[in-house]
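Comments concern the structure below.
There are 2 protein chains.
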Amino acid sequence: MRAFWERGYDGVSVAQVCAEAGIAAPSLYAAFGDKNALFEKACALYTEHLDEDLERDLSAPTARQAVERLLRSSAEHFTAPGQPPGCLVMGEPRLTERRDKTRGMIRARLRRAAAEGELTSVAEADQIAAFIDTVLTGMAARAREGADRTRLLDAARYATRAWPA
Amino acid sequence: MRAFWERGYDGVSVAQVCAEAGIAAPSLYAAFGDKNALFEKACALYTEHLDEDLERDLSAPTARQAVERLLRSSAEHFTAPGQPPGCLVMGEPRLTERRDKTRGMIRARLRRAAAEGELTSVAEADQIAAFIDTVLTGMAARAREGADRTRLLDAARYATRAWPA
DNA sequence: CGCCAACCGTAACGCACGCTAAAGAACGTG
DNA sequence: CACGTTCTTTAGCGTGCGTTACGGTTGGCG
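Chains as they are written, first to last, in our numbering: chain A, 309 to 473; chain B, 309 to 473.
See the structure below:
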């Protein structure tokens with residue numbers, strides 16, 4: 309998981325995984341099948357607590373608080389010490405499906421806010437969702453190329469000021 | 309250039325470039341040297357008009373207008389019809405240097421705004437620069453995975469509302 | 001101690017890659 | 001028409017990839 313997280317599916321060779329894991333290739337193949345299956349296992353491990361964290365953040369009483377929490381915890385996750393910078397899901401081209409899922413949850417939360425009167429319309433909710441998606445994607449990419457936590461949190465803080473109270 | 313733009317350096321094989329260009333490998337090697345030199349030529353072509361466009365956008369009278377123009381023209385560039393979606397520079401891990409240059413120009417423009425009193429401090433300028441960097445990076449990534457122009461412009465519009473007038 | 005089964009590392013396969021040498025075609029010049 | 005130059009094509013090199021067959025080692029059990 310660490311290797312895929314750092315360098316992506318195509319950037320990691322099976323030999324490198326074997327070296328980092330301290331085992332030989334046949335053992336790895338006996339345990340996981342092939343590189344694809346190994347990657348899916350790594351993804352499953354990575355995304356294990358992702359949905360609940362997401363739901364926890366998004367369950368805040370107001371959409372503004374929900375987005376604030378989401379952006380803040382994402383910035384912290386993308387720069388967690390002892391872990392690779394960025395996000396395995398955001399950095400992997402083939403995981404479009406998983407990203408769409410997250411986007412759908414954000415959009416749903418904002419549409420709920422529109423239905424509850426916190427936002428003026430569903431259209432506004434979708435636009436803000438697109439904006440938040442963009443910021444999250446950017447934060448992950450910036451983290452991977454070395455942006456530190458402070459800078460990401462700065463970006464997150466300004467992003468939450470984007471729509472009027 | 310199109311091939312590298314669409315799929316990145318590692319995602320493009322010399323054989324594919326040859327097929328798309330309608331020439332054989334030795335001709336390509338005679339003309340460009342090797343894959344790296346070809347890529348640098350493609351980058352030079354891509355970035356040819358990039359700095360002037362950037363300076364044109366950033367030369368707006370106020371920093372807010374400068375950022376508005378930059379975000380808007382970037383959103384349009386990332387979704388230009390007949391061209392690959394996204395940005396060659398933003399999508400290529402090895403072009404960190406080029407991205408840093410763009411970031412430096414944005415930060416310089418916002419620091420100027422701080423010096424001129426449009427922003428309250430250099431610290432605020434740097435924070436807004438980090439935010440704008442993040443949004444730009446995210447817009448390029450979102451464009452590459454299929455986000456349409458409308459969505460990117462929505463994100464750009466909300467990003468410009470992030471700091472008070 | 002002897003046996004069997006499970007495990008592990010070595011070595012190799014087929015393939016695609018970046019790259020290049022040498023054969024062959026096209027073309028202007030005498 | 002013959003020739004020399006220039007470009008293109010064919011074919012192949014070495015390397016690293018994902019993957020797997022095989023022989024040696026280890027460890028538990030009678």
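From the three backbone atoms N, C-alpha and C, an ideal C-beta is built for every residue, glycine too.
Residue i (DSSP reduced to helix, strand or coil)
i: LEU427(A); result: coil
i: ALA388(A); result: coil
i: THR404(B); result: helix
i: THR442(A); result: helix
i: ALA482(B); result: Examination of residue 482(B) is not possible in this model, given that chain B is present from 309 through 473 alone.
i: ALA422(B); result: helix
i: ASP318(A); result: coil
i: ALA455(A); result: coil
Within chain B, partners of residue i - CB distance below 8 Å
i: GLY446(A); result: ASP441, THR442, VAL443, LEU444, THR445, GLY446, MET447 and ALA449
Integer Cβ distance of residue i from residue j, believed to fall under 8 Å
i: ARG310(B); j: PRO392(B); result: 6 Å
i: ALA464(B); j: MET447(B); result: 7 Å
i: LEU396(A); j: LEU378(A); result: Incorrect: roughly 17 Å between the Cβ atoms, too far for contact.
i: MET413(B); j: LEU362(B); result: 6 Å
i: ALA438(B); j: ASP408(A); result: So it is not a contact: roughly 27 Å between Cβ atoms.
i: VAL443(A); j: VAL443(B); result: 6 Å
i: ARG419(B); j: ALA431(B); result: Contact doesn't hold; Cβ gap of about 10 Å is too wide.
i: ARG417(B); j: ALA371(B); result: 6 Å
i: PHE386(A); j: ALA350(A); result: With 8 Å as the limit, PHE386(A) and ALA350(A) do not qualify as a contact, their Cβ atoms being about 18 Å apart.
i: VAL325(B); j: LEU336(B); result: 7 Å
i: VAL322(B); j: ALA333(B); result: 6 Å
Run of the alpha helix (DSSP H) containing residue i, from where it starts to where it stops
i: ALA327(A); result: 322–329
i: TYR337(B); result: 333–340
i: ARG475(B); result: Limits of chain B in this structure are 309 at one end and 473 at the other, which puts residue 475(B) out of reach.
i: ALA350(A); result: 343–354
i: GLU360(A); result: 358–366
i: ALA311(A); result: 310–315
i: GLY399(A); result: 396–399
Proximal residues of chain A, C-beta to C-beta of residue i below 8 Å
i: TRP471(B); result: TYR466 and ARG469
i: GLU453(B); result: PRO401, THR404 and ARG407
9 Å Cβ cut-off: residues of chain B touching residue i
i: ARG457(A); result: Residues of chain B passing the Cβ test: none, with the nearest at roughly 11 Å.
Per-residue contacts from residue i into chain B (C-beta, under 7 Å)
i: ASP318(A); result: ASP318
i: ALA463(A); result: ALA438, PHE439 and THR442
* Near-chain A residues of the region 409–438 of chain B - C-beta to any C-beta below 7 Å -> GLN435, ILE436 and ALA438
* Asked: What are the residues of the region 346–359 of chain A that lie near chain B, defined by any Cβ-Cβ distance shorter than 8 Å?
  -> So nothing in the stretch comes that close.
* Asked: Taking a cut of 7 Å between CB atoms, which residues from the region 392–410 of chain A lie near chain B?
  -> THR404
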